[in-house]
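One structure below.
There are 2 protein chains.
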Amino acid sequence: MHPGELDGKWYAKYWNPVMAPMPEHIKEAIGLGPQPPPLCLSPDDAATLSDTGYGEFENGYSLFSDGSAHIATLTLMPRVSPAMVDWWFWWHAMETERYKLWYPRAHLYAEWSGGTVDRSAPHRDRYIGGTSFVDEYVGSSLGELAIQFVHPDKLGFSDNSADPDEATAICATVGLSRVPLDWGHLVHHVRRVKGGAEMRSRFWMGGKYVAPRAGATLTDELETVAEGLRRLGDGHARAMVVHCSQEMNHLAAFLPDIFDEFQRSE
Amino acid sequence: MHPGELDGKWYAKYWNPVMAPMPEHIKEAIGLGPQPPPLCLSPDDAATLSDTGYGEFENGYSLFSDGSAHIATLTLMPRVSPAMVDWWFWWHAMETERYKLWYPRAHLYAEWSGGTVDRSAPHRDRYIGGTSFVDEYVGSSLGELAIQFVHPDKLGFSDNSADPDEATAICATVGLSRVPLDWGHLVHHVRRVKGGAEMRSRFWMGGKYVAPRAGATLTDELETVAEGLRRLGDGHARAMVVHCSQEMNHLAAFLPDIFDEFQRSE
Chain W
1 MHPGELDGKW YAKYWNPVMA PMPEHIKEAI GLGPQPPPLC LSPDDAATLS DTGYGEFENG
61 YSLFSDGSAH IATLTLMPRV SPAMVDWWFW WHAMETERYK LWYPRAHLYA EWSGGTVDRS
121 APHRDRYIGG TSFVDEYVGS SLGELAIQFV HPDKLGFSDN SADPDEATAI CATVGLSRVP
181 LDWGHLVHHV RRVKGGAEMR SRFWMGGKYV APRAGATLTD ELETVAEGLR RLGDGHARAM
241 VVHCSQEMNH LAAFLPDIFD EFQRSE
Chain F
1 MHPGELDGKW YAKYWNPVMA PMPEHIKEAI GLGPQPPPLC LSPDDAATLS DTGYGEFENG
61 YSLFSDGSAH IATLTLMPRV SPAMVDWWFW WHAMETERYK LWYPRAHLYA EWSGGTVDRS
121 APHRDRYIGG TSFVDEYVGS SLGELAIQFV HPDKLGFSDN SADPDEATAI CATVGLSRVP
181 LDWGHLVHHV RRVKGGAEMR SRFWMGGKYV APRAGATLTD ELETVAEGLR RLGDGHARAM
241 VVHCSQEMNH LAAFLPDIFD EFQRSE
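Note that the protein sequences, when read in sequence, are chains W and F.
Per full-length UniProt numbering, the very first residue in the first sequence carries number 1; after that it's consecutive.
Per full-length UniProt numbering, the very first residue in the second sequence carries number 1; after that it's consecutive.
Shown next as C-alpha cells:
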C-alpha cells in the first residue's frame, strides 16, 4: 500500500494509487441490485462465452436460494490484447509487489506455488496448474485465498488452442489459503475487439460450490468454516462486482505499457 | 419540518426544504461500498488532517471486524470561511428552529447544555465543552444524541490556536442523550481553499468506541443497549455518509449569507 515498497523495481512507475471511477454500466448494475437467477450463465455453459455477441447477463450479481452468488462484469480494455492478459496472470503472481500494482488499495500479498517453471512455455501454460495464494480486501473483508488455475477445458472451453491473440479464457477454482476449502469458480474470458480487448468475468461462489479441497475430509471444524462461506449475502456479492471491476479497469490502464516494456527488456 | 415554525425568526428566509443533489464524489464512494480498514485514518492520527493535501481515504466508509465503522466525507464550501463554521457550531445549537435550517428533512430537535456563556469569547470557545442534545434521523432511524464538543487537542490537534480564518477542527464525542453511553467520535476539519473552504469530516463509531459516559456504570440494562450500538452494518454506515454529506452541503449553501446577516445585526 506504500509506494516505497516498490523502490528499485523496474516496474515501480506503473504503481498508481488513484483508481479510475467505476464505469457507468457497473454503477447501473449495482444500482439494480440482485437479479433473477435464470438470467445467469451456469458453469456448465461457461464455454458459451466463446460465442460471438453477449449473453443475457453481462454485469451485476444474482443471489441463489442455496446461498451461492453469481457475479458478472464486463471490462473494456483499450490497447490490450488477450495475450497480454495471459502474460499478466503469469507475471503478477510471482511477487507481492507486482500483485499490488493491480489494485493498490486492496491487494496485500501474493505467493506462487506449482505450475511450470519452463520459461520457454507460452505464458498461459505457465500459470495453468499453479496456485496463487493472495491476501486481498474484498469490500471491508480480508480474504486469504488460494486461486488455483485450471485448464480452460475443465470449464468446457475447447478453443484455447486457438490464436492467443484472438481470445483466452483464464479459469480458476477459488478457495481459502489457510484451510483446504474451495469456495467457487471463476473465468475471465478475454477477446479481441476494435481497438483492444474486452474481458467478461464470471464468478460462481458459495452455496453448492463450497467443497473440501481434493483429498481433504470435511471435519466438524472445517464444516463450521464452510457454513460461513456458503451463504453469500447482497453485500458480499456487490463487493465482488466492485472489486473485479475496479481491479480489471485499473489493470487495463497500465497493461499495454508494462507488457511492452517487459518484452523489450527480455 | 414545517416552515410555519420559523415565523417571526429573522433567519426564516434561510429555511429551504429542497436538498441539493449528492456530489458526484459521494455517489461514487457509496457505489464502491465498504472499503479496506487499512486505508482509514485512525483517531490517533486525526491531527494529520491539518497536513497539506489529502489522505488515502477521503470519501466513503469502512466496516471493521469489531463492529465499528469509519466514515469520511469531503464537502466543498464555496464562499465559506472556517470561522463561519465555528460560528455555526455555536449558533445553531441554541435553538431547535436554527438546527432545522441545517437539514430540514432530518433534524427535529436541539437543546444546549454547558459551554461558556461569555458572549465576548470567540465562537469556537463557546461550543467547546458544551453538549448539543439533538434528535435527528440518520437514514430511517431516529437518533437521540448527545454531541459533546471537546477541545481539538483531545484528538491531537495543536494548531487550533492558529488563525481561525485559515483552519478549524470541530471535535466531539457522540453519545446517546437518554442513557449515559458514548458511541464514538467525530471531527470536521475545515480549511481555506481557493474561493472558500473545504470540510473533511471523519467519524469513528460503534465497536470499541462504545463506552459508558464518564462516571457511569455499565449495568446489564446499559450493556444491552451498548451491544446494539457496537455492531454497525453496511446500511448504517452508508446512511451516515449520506447524512453528513447532505447536511454539510446544505449548510454551505446558506452559511455565507446567514453569517453575514448575523454579523451586520450584532
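Every residue, glycine too, gets a C-beta built ideally from N, C-alpha and C.
With a threshold of 9 Å between beta carbons, F:Phe203 makes no contact with chain W.
Non-local beta-carbon contacts of F:Phe157 in its own chain, meaning distances under 6 Å to residues more than five positions away in sequence, involve Ala47 and Ala169 in chain order. For W:Ala20 and W:His250, the gap between their C-alpha atoms comes out near 7 Å. Of the residues assessed, F:Ala146 falls on the buried side of the cut-off, its CB having 16 or more other CB atoms within 10 angstroms. In this model, F:Leu41 and F:Leu74 are separated by some 14 Å (Cα to Cα). Note that the stretch 64-73 of chain W does not touch the stretch 81-92 of chain W; fewer than 3 beta-carbon pairs, one per stretch, sit closer than 8 Å. Following the DSSP letters along the chain, one finds F:Pro82 inside the alpha helix (DSSP H) bounded by residues Pro82 to Trp91. In the structure shown, the three-state DSSP call for F:Glu221 is helix.
Near chain F, meaning a CB-to-CB distance below 7 Å, the residues of the stretch 131-156 of chain W are Tyr137, Gly139 and Ser140. Residue pairing by DSSP puts F:Met205 in a beta bridge opposite F:Ala69 and F:Gly184. The stretch 122-130 of chain W makes no contact with the stretch 197-208 of chain W: fewer than 3 CB pairs, one atom from each, lie closer than 8 Å. A contact is defined here as three or more CB-CB pairs under 8 Å, and the stretch 216-231 of chain F fails this definition with respect to the stretch 244-259 of chain F. The beta carbons of F:Gln35 and W:Arg105 sit closer together than 9 Å. Residue burial is scored here from C-beta neighbours: W:Glu136 has at least 16 other C-beta atoms within 10 angstroms and is therefore classed as buried. One Cα belongs to W:Val174, the other to W:Pro180, and the distance between them is close to 11 Å.
Taking a beta-carbon distance threshold of 9 Å, W:Gly31 counts as an interface residue toward chain F. Between the C-alpha atoms of F:Thr217 and F:Val117 there is a straight-line separation of about 31 Å. Taken in chain order, the whole alpha helix (DSSP H) runs of length 4 or more contained in the stretch 99-167 of chain W are 123-127. Close partners of W:Gly235 in chain F (Cβ separation under 8 Å): Gly33, Pro34 and Asp234. According to DSSP, W:Pro78 shares a beta bridge with W:Gly196. In this structure, W:Trp15 keeps its C-beta atom at 9 Å or more from the C-beta atom of W:Phe262.
In this structure, W:Ser177 lies near W:Glu144, with their beta-carbon atoms less than 9 Å apart. If the five residues before and after W:Arg191 are omitted, its C-beta is found closer than 6 Å to the C-beta atoms of Ala167, all from its own chain and listed in chain order. In this structure, the CA atom of F:Arg213 is about 6 Å from the CA atom of F:Asp182. The beta carbon of W:Gln246 sits closer than 9 Å to some beta carbon of chain F.
Looking at the backbone, the Cα of W:Leu186 and that of W:Arg200 are separated by about 11 Å.
For F:Thr173, the secondary structure class from DSSP, reduced to helix, strand or coil, is strand.
Linking F:Ser141 to W:Val18 through their CA atoms gives a straight-line distance of about 34 Å.
In the displayed model, F:Gly60 falls within a strand according to three-state DSSP. Judged by DSSP secondary structure, F:Gln35 falls outside any alpha helix (DSSP H); it is assigned neither H nor E. Proximity of chain W to F:Glu28 at the Cβ level (cut-off 9 Å) is accounted for by Pro21, Met22 and Lys27, in chain order.
DSSP places W:Ala237 in the helix class (H, G or I) of the three-state scheme. What W:Val242 touches in chain F, judged by beta-carbon distance under 9 Å, is Gly31, Leu32 and Gly33, going in chain order. Taking the CA atoms as reference points, W:Arg231 sits about 37 Å from W:Glu5. Beta bridge pairing from DSSP links W:Val190 with W:Thr168 and W:Met199.
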